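These notes are about the structure you will find just below.
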Amino acid sequence: MIGFVVRRLVAAVPTLIAVLTLVFVIVRIVPGDPALVILGDQATPEAIAALRARLGLDRPLHEQYLDFLLASLTGDFGTSLVTGRPILSEVAGVLPHTLDLTAAAMLIGVVIGVPVGIWAALHRNRAIDVAARILSLLGLSFPVFVSGIFLLLLFALHWRLFPVIGNANLSDPADRLHKLVLPAITLGLVMAAYITRVTRSAMLQVLSEDFIRTARAKGVPWRAVVWKHGLRNALIPVVTVVGLYVGILIGNSVLTEIVFNRPGLGKIIVGALNQRDYSMLQGLMVIYCFLIVVVNLITDLTYGLIDPRVKHA
Amino acid sequence: MRLRAARLAGAAVLGIAAFGATASAQPRTTLTVGMAAQDVGRLDPHFAVSTIDRVAVAWMFNGLVRFKPGSINPAEIEPDLAERWEASADGRTWTFFLRRGVQFHGGFGEVTAEDVAFSLRKAAQPSTSAFSGDFRAFEAVEVVDPYTVRIRLRENVPSLLGLVTNYAGGYIVSKRAVEQKGDAFVRAPVGSGPFAFASVTPNQSLELAAHEGYFRGAPQIKRISYRFIPSDASRDLAFQNRELDINYGRAQTAWIERTQRLPNVIVDVFEPAELAILNINTRQPPFDDIRVRRAVAHAIDRSELVRWRGEAVAREGQSLVPRGYLGFTADVPLPGFDQARARALLAEAGHPNGFTVRVIHTQLPEMLSAMQVVQQQLRRVGITLDLQVVEHATFHQQIRQDLSPLVYYAAARFPVADIYLTQFYHGRSIVKTPTAVTNFSHCSMADAEIDAARIETDPEKQLALWAAAQRKLVEAVCGVPLFETMLVFARHESVDYGYELKGSMSLGPLITEATRFR
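This is how it looks when you write it as structure tokens:
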């Protein structure tokens, strides 16, 4: 097990270097000058050149690349070009918010999506199944900036149960939970819709397998057939989808973060891109890649828990 | 069983809501301001170029002099850190006498002439300031004694007081803090204003604490929470929900009317207005033909633009300098809206069927929608704009690379004509040159008047020179003034700024020691 984890982490290093190289090249190919962003529209070429020199942006690209690569691999991400704040502390400040939201959305998604998916599969083409399919389609097609605003109007403005500004105080668990509810529901419902569809189709496929028929023929109670034989086998694709989705959520929950005024990794990535904050973008990408690797690792380990036939060796 | 589970879940959510609501109650000495931005940038005032940064540094720093709170009239500039000043007869030597006992935040000591000289020298250095270009005329800043500073100029400037006011490069920083903190100063600055930097949480808020030792008296507001909320809809909901006391508004009549309908809310519409100009590259075909430029000018219907933007926040541009600036004149030969004349001019210039031109423009919604109205107006006379919509930072870089023959640009500057004319229409500021700023038209025919006005000491002659420059530039159709848009902020009636907000050079309401909750 430990050997498997170590091997996976080591195998991630080349991927990480490839991603870092891509990020380094791409942010420099995109037009737009961070010095101009920092100095504003009245800046003279002299001032822009002076700032570029101060930020080290006038150095040869290969020097910048090597410095960046070495620093990244040693965990030194430097400071933001735009705010001058250390990148690690910026990320550390928002990462708990992102992880809170991702975990809560995942929880809501799984708690709603898996049972509804199973239920729909067991009642194929009946009213329950049709309703589940329609609702999941609605969940997938409703953009979070619409459902989020709708929830805010209802729960924040009308009933005044939750605040509109969702930047929680991390040291206050009650505040943290309070401000997590609406964004987690918004994002969780989308995830639930997604998981419902995947679970339903996986269950339908498994339930039509020979071993299910055999189990029924042997007189195994229907409940046991569904939970022990059906669900266990159907969960593999569900876990794959959840793992992929969680990876996407970490960086892509930016719309939810904006609507609910929550800090988060996605919001910082978009901001850094808009402001051509090279160092911030590079640092964020390293951290983001690392998180994706960890999520994939957890997904792989979960396979083993669900299905003992999956070996980690 | 299921019903009980549902009830339990509902009770849990309500419980969380109630518990959190109790936990988030705030005392009324904290002023919460919502801003349409993702984060602050560098909090060194000499790098504060964006609206969000300008608003915040104005609460933390002083200048030698200041605009009277609520005003942007240079004639109303009053003492700030300097209690008085003298100018030599030729206007090239200025001596400022500082107040005694003014303290910097955080125990960084008294504001002295050393700090003032250090700050102004820093503001004049391209490597340490975004506003170094404004201080080109500075020859030396000398410390006469701990409370006296002398500024010597190479040549006269239209408003020396404007350069040392509480605006742009005029803010005074603590020399000791800058030297001691080094690069960290940009994230934890030290000033002498009514509010001191307390903390910044990335993507969330900037927190400021009252400077109890402020020389005008301890602020009545004890804390400012400056919240970064980029989503207009969410910010408006938060304001409506009274989670914000002050809200950055949208310069749209519909928004103003909707916000004014909220109970106990005041919407402030104030100066400086941003003048939007359609700058025309006079060197690039087909716009190198003045008949084509005049056709563009005749095709523009400013009144339609103002109706579209909303009369509560917009007014017609009348010259290539915004209204109200010292040196502005409406006495310019501005071509009127006349589509028939525009078509005739195009035919005369060899374009009877019009033409198509590629124009680079930003994706920022407010600027894009304005340009789309201009696009429609020009299409009516046969000029088709093929808009290449790019991301905002790309737009700024590409227009400076001279890649767009027409450049829509909206800006507010220090309210003296010299700044606007120099940055947008002086030969020295032509884009893609070593001294470039934002001259996209390549016009330089008014350089002599602009230069002469800058050093002219007779106010009447100076005004005449600025007027002559505007007439020349308008006549050559270097740009077509479109409309001016005012700034908009909303507040709950409980917030009393302590002055009447008619203008603010920091582009947001000044929070002073007199600002309070009613």
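Residue numbers (this note's numbering), protein chains in the order written: chain X, 21 to 333; chain B, 2 to 519.
The C-beta atom is built at its ideal place from N, Cα and C for all residues, glycine as well.
Since the model is a prediction, treat every value here as computed from it, not as a measurement.
Close CB contacts of B/L32 within its chain, under the 6 Å cut and outside five residues either way in sequence, are with I222, I225 and D246 (chain order). With respect to the 8 Å criterion, X/I128 and X/A188 are not classified as neighbours on the basis of their beta carbons.
Straight-line measurement puts the Cα of X/S156 at about 14 Å from the Cα of X/V131. Cα atoms of B/F240 and X/D78: separation of roughly 44 Å, rounded to the nearest angstrom. Under the three-state reduction of DSSP output, X/P80 falls in the coil class, being neither helix nor strand. In chain order, D40, V41, G42, R43, L44, V187, R188, V201 and P203 make up the part of chain B whose C-beta sits under 9 Å from the C-beta of X/T103. Under the three-state reduction of DSSP, B/E84 is assigned to strand.
Among the residues of the segment 62–75 of chain X, those with a Cβ less than 9 Å away from any Cβ of chain B are Q62, A63, T64, P65, E66, A67, I68, A69, A70, L71, A73 and R74, in the order of the chain. At a cut-off of 8 Å between beta-carbon atoms, B/H443 makes no contact with chain X. Taking 8 Å as the Cβ-Cβ cut-off, the segment 291–319 of chain X approaches chain B at G291, N294, Q295 and R296, given in chain order. For the segment 431–464 of chain B, the beta-carbon criterion of a distance under 7 Å to any beta-carbon of chain X is satisfied by P435, T436, A437, V438 and T439. Taken in chain order, the whole beta strand (DSSP E) runs of length 3 or more contained in the segment 249–281 of chain B are 266–281. Taking 3 residues as the minimum length, the beta strand (DSSP E) runs contained wholly in the segment 391–428 of chain B are 407–412, in order along the chain.
Taken atom to atom, the span from the alpha-carbon of B/N63 to that of B/G107 is near 15 Å. In this chain, B/L369 is not harboured by any beta strand (DSSP E); it is covered by the alpha helix (DSSP H) spanning P366 to R380. Its chain contains I361 as the residues whose beta carbon lies nearer than 8 Å to that of B/L404, once the 5 sequence neighbours on both sides are disregarded; these appear in chain order. With contacts defined by Cβ atoms closer than 8 Å, B/Q399 and B/V390 do not form a contacting pair. For B/D290, the secondary structure class from DSSP, reduced to helix, strand or coil, is coil.
For B/P273, the closest Cβ of chain X is not nearer than 8 Å. DSSP places B/L502 in no beta strand (DSSP E); its state is neither H nor E. In the structure shown, the three-state DSSP call for B/S200 is strand.
For the segment 41–59 of chain X, the set of residues with a beta-carbon nearer than 8 Å to any beta-carbon of chain B comprises V50, P51, G52, D53, L56, V57, I58 and L59, in chain order. In this structure, B/L335 lies away from B/L474, with their beta-carbon atoms at least 8 Å apart. Less than 8 Å divides the Cβ of B/L483 from the Cβ of B/L306.
The Cβ-Cβ distance between B/F186 and B/Y148 does not fall below 8 Å.
Non-local C-beta neighbours of X/L190 in its own chain, meaning closer than 8 Å and more than five positions away in sequence, comprise P116, H117 and R196, ordered along the chain.
Closer than 8 Å to the CB of X/G286 there is not a single CB belonging to chain B. Cβ-Cβ separation between B/L154 and B/V66: approximately 16 Å, too far for a contact (criterion under 8 Å). Judged by their CB atoms, X/T216 and X/S167 are not nearer to each other than the 8 Å cut-off.
Under the three-state reduction of DSSP, X/L56 is assigned to helix. In the DSSP annotation of this structure, X/V130 is not part of any beta strand (DSSP E); the continuous alpha helix (DSSP H) holding it starts and ends at I107 to L142.
In the same chain as B/Q39, and ignoring 5 residues on each side of it, the C-beta atoms closer than 7 Å to its own belong to N204, F229 and P231, in chain order. Per DSSP, the unbroken alpha helix (DSSP H) holding X/P203 starts and ends at V201 to L227. Taking 9 Å as the cut-off between beta carbons, the residues of the segment 128–160 of chain B near chain X are S128, T129, S130, A131, F132, S133, G134 and D135, in sequence order. Sequence-ordered contacts of the segment 114–136 of chain X with chain B read V114 and H117 [C-beta pairs closer than 9 Å]. X/P183 carries a coil assignment under DSSP once its states are collapsed to helix, strand and coil.
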